[in-house]
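**Student:** The sequence shown begins at 14 in this note's numbering and counts up by one.
Note that CB positions come from ideal geometry on N, CA and C, so glycine has one too.
Handing you a structure now.
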Amino acid sequence: SVQSTAADGEIHRGAPFAYVVDVTNVSSATVAAVDATLTVILDRYLALQNSDDECTVQPPSILDTRLLCAFGSLAPGASRRVQLSVLPENEGSVTNQFVVDTTTLDPITVNDNNFSKIEVLPPLIDLAVHQRIAGAVPARGWEMGDQVQFQVTVENQSGVSTNFSLVETLAPGLVIKSVEGNGTLSCVVSGQQIFCESGIAAGGTLMYTIVAEIVQPGDHITTAVVTGTHPDPDERNNRATAQLAARAVGDLRVSIDIPDQQGVIYVGDVIRSVLTVEAVRTTVPITFAEVTATASVTNGLKILHAETPVDVQCLRSERTLACTKSTLQSGTSFTIPILLYAERAGLGSEDTLAVGHFYRETTPGDNRALLLIEIAEPPLPWIYVHTFDDRNGNGLQDPGEPALPAVKIDTTSSDGQEDKVEQGATDRGGLLKQPLLDEPSRIQVTAKLTPTQGITPVISVKLNAVPPTGQATISGGNACGMTVVENDGTATTLPCSAENQIAWVNQVNAAVADFAARLFAPPLQAAATNRGQLEPVAVTFVIDAVENQSIYLPLVIK
């Protein structure tokens with residue numbers, strides 16, 4: 014009898030398998046089987062790779078391959094085993110036959126034959142792709158403008174030749190310069206992708222090299238994907254990547270200043286500073302990635318607000334600010350207006366730094382800036398009364414124009430909860446200075462004098478804390494007006510209305526306001542004392558801050 018393993022089933026082309034054939038003398042008699050032989054008939058789709066030494070291959074045929082195995086005499090109950098290694102070379106249905114024979118009479122021939130039916134399927138071909146960066150990484154690291162070589166290797170890890178296609182995808186920051194390969198490799202470049210096709214022998218290897226130029230900073234990943242024309246039993250090795258990080262070479266500059274500063278900064282002032290980050294123009298345009306500008310202030314200052322551009326993200330606390338722009342082209346800049354609050358007198362500072370990712374700074378010193386801000390104690394509000402005889406009528410005390418001493422001055426300053434009353438008189442120079450409440454919303458000054466015939470008294474009330482928006486009523490004089498002197502020294506004169514009133518708005522830079530009243534005394538008609546004196550007169554200045562403002566505002570934008 015004859016029996017074989019792998020009698021039936023499915024086999025993939027190119028996948029070797031083995032037949033194990035057992036020939037046994039199953040006779041119950043004590044007669045040996047003389048000249049026992051085994052004939053193996055393999056289908057033409059199968060190729061015999063090796064067999065036992067006692068088997069010989071018969072002359073070739075276009076239909077099959079025959080193998081004759083001679084066992085000689087086979088005793089009762091004895092058996093012989095033959096092992097064959099077979100390689101499927103073509104696809105289709107295959108029938109193999111195993112026939113045993115002997116010169117001794119065999120009473121039962123039904124078990125002298127054994128058939129194996131096999132379906133040879135298309136091959137399973139395991140293709141693998143490997144990718145690496147050839148050569149050493151520069152000591153300074155990869156930078157824009159460098160050329161890098163990617164080496165891609167395709168392996169056929171099966172015993173059957175096949176065709177494949179390979180797609181290599183490069184990151185947008187790389188530009189393909191050349192592609193070279195061995196064997197029958199044929200490649201086409203399209204944008205950021207390389208498409209290659211080739212045949213590859215069983216167990217073979219093909220390699221190609223890509224040269225690319227780095228044109229953008231950042232992380233760059235290239236991906237190679239191989240696809241065969243036959244099923245792949247393990248697709249995990251059909252994809253390979255290579256990665257590098259490249260830097261730009263450029264210059265980020267940062268500056269911080271107070272563009273609208275005029276005069277002294279006091280405690281309580283709001284300061285408008287401007288932070289500017291500039292990517293300096295380069296010969297080859299570059300894009301800086303993740304540019305972050307940070308600002309920190311000392312304890313004498315506090316960050317109130319930062320105006321954030323549309324494409325910038327900012328995180329703010331009272332002491333620090335960090336603003337990030339995802340990309341910044343060389344030759345461009347962005348600004349962050351920052352409102353600072355001066356909370357304590359002394360020397361404050363605003364320290365700024367600009368950094369970017371994936372670039373090498375060519376001028377490290379200019380990506381940091383320090384702004385020193387001197388903060389003074391706020392001035393105490395006061396009024397300064399000046400009286401004189403304006404003989405030439407120009408509103409100024411010129412040489413030869415005498416002062417008016419002993420003019421009684423009553424001053425009341427009020428903040429709505431408290432009144433401060435001061436009384437006094439002008440000195441020999443016609444001058445008097447009186448203090449006020451810290452933040453009054455109303456100031457009333459009354460000057461009492463008895464003019465002498467022929468003089469033109471002028472009473473001037475200077476105020477060092479001017480409400481940005483306010484009004485004043487000056488009564489008792491024949492003419493009045495207001496002169497505002499700003500921090501930069503410029504002066505603006507506002508005349509009184511017919512009702513002896515003055516109103517002003519947005520005087521945010523005012524340093525001193527000078528309210529003046531002038532009296533034109535009528536000629537002396539008669540006097541009881543016969544000393545040429547007129548009746549006593551009183552001139553009153555009422556100065557109000559409107560819109561819930563105080564005369565002295567700590568939150569004046571400098």
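So, helix, strand or coil for P453, using DSSP?
**Tutor:** Three-state DSSP puts P453 in coil, outside helix and strand.
**Student:** Is the region 446-457 touching the region 388-395, taking contact as three or more C-beta pairs under 8 Å?
**Tutor:** Contact between the region 446-457 and the region 388-395 is present, because at least three Cβ pairs lie under 8 Å.
**Student:** Give me the Cβ distance between V202 and V188, rounded to the nearest whole Å; I'm assuming they're in contact under 8 Å.
**Tutor:** The pair is not a contact, with the Cβ atoms about 10 Å apart (cut-off 8 Å).
**Student:** Excluding the five sequence neighbours on either side, which residues of its own chain have a C-beta within less than 6 Å of the C-beta of T553, listed in chain order?
**Tutor:** Hits under 6 Å: T459, S488 and G489.
**Student:** Below 8 Å between beta carbons: does that hold for G361 and L314?
**Tutor:** Result yes, Cβ atoms of G361 and L314 sit closer than 8 Å.
**Student:** What beta strand (DSSP E) runs, 3 residues minimum, are completely inside the region 480-524?
**Tutor:** Entirely contained in the region 480-524, the beta strand (DSSP E) runs reaching 3 residues are, in chain order, 483-488, 492-499, 504-508 and 514-517.
**Student:** Starting from S40, trace the beta strand (DSSP E) both ways and give me its first and last residue.
**Tutor:** Looking at the DSSP string, S40 is not in any beta strand (DSSP E), and its letter there is neither H nor E.
**Student:** Within the same chain, show all residues whose beta-carbon is closer than 8 Å to that of H25, passing over the 5 residues directly before and after it, in chain order.
**Tutor:** If we look at H25 and ignore the five residues flanking it on each side, its Cβ neighbours are P101, V133, L134, P135, P136 and L137.
**Student:** Classify V165 as helix, strand or coil using the three-state DSSP reduction.
**Tutor:** In this structure, V165 counts as strand in the three-state DSSP scheme.
**Student:** From this set, Q256, F208 and T345, which residue's C-alpha is nearest P230's C-alpha?
**Tutor:** Ranking the options by Cα distance to P230, first place goes to Q256.
**Student:** If you follow the beta strand (DSSP E) that T305 is in, where does it begin and where does it stop?
**Tutor:** Here the beta strand (DSSP E) through T305 covers T300 to V310.
**Student:** Helix, strand or coil: how does DSSP classify G105 here?
**Tutor:** Strand at G105.
**Student:** Can you tell me which of the three DSSP states G281 falls into?
**Tutor:** In this structure, G281 counts as coil in the three-state DSSP scheme.
**Student:** Alpha carbon to alpha carbon, what distance is there between I515 and D402?
**Tutor:** Going from the Cα of D402 to the Cα of I515 covers about 23 Å.
**Student:** Report buried or exposed for P412, applying the criterion of at least 16 other Cβ atoms within 10 angstroms of its Cβ.
**Tutor:** That one is exposed.
**Student:** Assess contact between the region 263-279 and the region 236-247, defined as three or more Cβ pairs (one per stretch) separated by less than 8 Å. Is contact present?
**Tutor:** No: fewer than three Cβ pairs fall under 8 Å.
**Student:** On the DSSP letters alone, give me the boundaries of the beta strand (DSSP E) that E435 sits inside.
**Tutor:** Element bounds for E435: D432 to A438.
**Student:** I'd like to know whether the C-beta atoms of T108 and D65 end up nearer to each other than 8 Å.
**Tutor:** No, the Cβ-Cβ distance between T108 and D65 is not below 8 Å.
**Student:** Measure the Cβ-Cβ separation of T348 and V280 and say whether it is below 8 Å.
**Tutor:** No; because the gap between Cβ atoms is not below 8 Å, this pair is not in contact.
**Student:** Pick out whichever of I54, Y58 and G408 has its Cα sitting closest to the Cα of P72.
**Tutor:** Among I54, Y58 and G408, the Cα nearest to that of P72 belongs to I54.
**Student:** Under DSSP, the beta strand (DSSP E) around E181 begins and ends at which residues?
**Tutor:** Segment T175 to T182, the beta strand (DSSP E) holding E181.
**Student:** Do you know how far the Cα of D324 is from the Cα of A306?
**Tutor:** Going by the C-alpha atoms only, they are around 14 Å apart.
**Student:** What residue ranges within the region 319-377 form continuous beta strand (DSSP E) runs of no fewer than 3 residues, ordered along the chain?
**Tutor:** The region 319-377 contains these whole beta strand (DSSP E) runs: 325-329, 333-342, 346-355, 359-370 and 372-374.
**Student:** DSSP state of D379, grouped into three classes?
**Tutor:** Helix.
**Student:** Rank F163, M495 and T78 by C-alpha distance to the C-alpha of F528 and give the top, closest one.
**Tutor:** The residue with the shortest Cα to Cα distance from F528 is M495.
**Student:** Who are the Cβ neighbours of N38 in its own chain at under 8 Å, not counting the five residues just before and after it?
**Tutor:** The answer, listed in chain order, is A45, A46, A49, L87, A88, P89, G90, A91 and S92.
**Student:** Could you check what DSSP says for N250 in three-state terms: helix, strand or coil?
**Tutor:** If DSSP states are grouped into helix, strand and coil, N250 belongs with the helices.
**Student:** Which residue's Cα is closest to the Cα of E414: N195, G204, H399 and P508?
**Tutor:** The residue with the shortest Cα to Cα distance from E414 is H399.
**Student:** Given that a residue counts as buried once 16 or more other Cβ atoms are within 10 Å of its Cβ, and exposed if not, what is S510?
**Tutor:** Exposed, because fewer than 16 other Cβ atoms sit within 10 Å of the Cβ of S510.
**Student:** Secondary structure at D423, three-state DSSP: helix, strand or coil?
**Tutor:** Three-state DSSP puts D423 in a strand.
**Student:** Hey, would you say I234 sits closer than 8 Å to T254, going by beta carbons?
**Tutor:** Cβ distance < 8 Å, so I234 and T254 count as in contact.
**Student:** Just the C-alpha distance for P185 and Q206, rounded to the nearest angstrom, thanks.
**Tutor:** One C-alpha to the other measures close to 10 Å.
**Student:** Are I222 and A147 touching if we call contact CB-CB under 8 Å?
**Tutor:** Correcting the residue type first, residue 222 is Thr in the shown sequence and not Ile. Yes, the pair counts as a contact, with Cβ atoms nearer than the cut-off.
**Student:** I need the straight-line Cα distance from A335 to R329, nearest angstrom please.
**Tutor:** Using only the alpha carbons, I get a separation of about 7 Å.
**Student:** Per DSSP, what kind of secondary structure is N124 in: helix, strand or coil?
**Tutor:** It is helical.
**Student:** Do you know whose CA, among E303, T289, L97 and D432, lies nearest A382's CA?
**Tutor:** Per the Cα distances, T289.
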